[in-house]
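S.K.: In the working numbering, the protein residues as written are 2 to 308.
Just so it is clear, CB atoms sit at the ideal spot from N, CA and C, and this is done for glycine as well.
#1: Rounded to the nearest angstrom, what separates residue 90 and residue 204 at their Cα positions?
#2: Please list the segments of the alpha helix (DSSP H) lying wholly inside the region 215–265, counting only runs of 4 or more residues, in order along the chain.
#3: Can you tell me the Cα-Cα spacing of residue 242 and residue 249, whole angstroms?
#4: Do three or more CB pairs link the region 146–160 to the region 217–228 at distances below 8 angstroms?
#5: Going by the CB atoms, is the gap between residue 11 and residue 55 shorter than 7 angstroms?
#6: Along the chain, where does the alpha helix (DSSP H) containing residue 109 start, and where does it finish?
#7: Could you check whether residue 8 and residue 193 sit closer than 7 angstroms to each other, using their CB atoms as the reference points?
#8: Buried or exposed, going by whether 16 or more other CB atoms sit within 10 Å of the CB of residue 1?
#9: Closest to residue 167 by CA distance: which of 180, 144 and 177 is it?
#10: Using the Cα positions of residue 228 and residue 209, report the straight-line distance between them to the nearest angstrom.
#11: On the CB-based measure, 16 or more other CB atoms within 10 Å of its CB, does residue 264 come out buried or exposed?
#12: Entirely within the region 147–212 and at least 4 residues each: give me those alpha helix (DSSP H) ranges in chain order.
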């Protein structure tokens, strides 16, 4: 089974939009320290995660490791929302300050927008790249139909979900990225934590609004859940590790793991040692394909965000 480079997703360090409320600061610090000590070098955050709180925490903790880990060995990625092109430079400078770094390895445009022209924003991002403040540009949550219209820009990364809960269009996106030398970064391999074995029913937070809990999808979600439970029992490994191991084999260049405490991070990293058989992978592939078939035709992202 193919294995992606492992990175750390840092949204949970900056609770926002009704996700990850109650995150403990010390737990966040411990997760980052463990990740750095375990040789994770790709860190992904966004200015909108806790209004900069995630960036600030990440920057301060990486700074504490400056004597043992060189900046050039890290890959720091952040994202800006589509706003006025005149605000791009200011937003990037704020992120640089919070991350305690003179440059970003990857700057993503976080979402597309139907109300704001994207090209001028990318032009502003490109200018900042040409000045050396950003090494590479990326797009996050951009659906495939939009990508050809942006091919004039040096887009090096595309970030999308990589999870059993969201495989809609994945094959076509992988093919496009391969043909255009774009690295594919997958986030939320546990489906925003729903595949950790604790969420047979909708949790009492923003995740309750995800499509899997709608009448048209819920029974198919339960079928996938049952397969994961069976494989968990067979392998004597947590259900989350089975879901993660599947995600690691999807051909993404980077897979971003999330963890709210260091125990979760350790368990997630241990998924790398699982070997799923061809039949087991096929069973998961069939289940996730059936689930993808229940997604409303007009929905192009896991969150149901209308951009």
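M.R.: Well, looking at it:
#1: Roughly 38 angstroms separates the two Cα atoms.
#2: Taken in chain order, the unbroken stretches of alpha helix (DSSP H) that lie wholly in the region 215–265 and span 4 residues or more are 219–236 and 240–249.
#3: Computed Cα separation, rounded: 10 angstroms.
#4: Taking 8 angstroms as the limit for Cβ pairs, the verdict is that the region 217–228 does not touch the region 146–160.
#5: Contact flag set, yes.
#6: That residue, residue 109, is in no alpha helix (DSSP H); its beta strand (DSSP E) goes 105–110.
#7: If you check the CB distance, residue 193 and residue 8 do not come in under 7 angstroms.
#8: Since the displayed the chain opens at 2 and closes at 308, residue 1 lies outside it and no answer follows.
#9: Closest by alpha carbon: 144.
#10: Going from the Cα of residue 228 to the Cα of residue 209 covers about 22 angstroms.
#11: Exposure of residue 264 is indicated by the presence of fewer than 16 other C-beta atoms within 10 angstroms of its C-beta.
#12: Counting whole runs of 4 or more residues, the region 147–212 contains the alpha helix (DSSP H) stretches 171–180.
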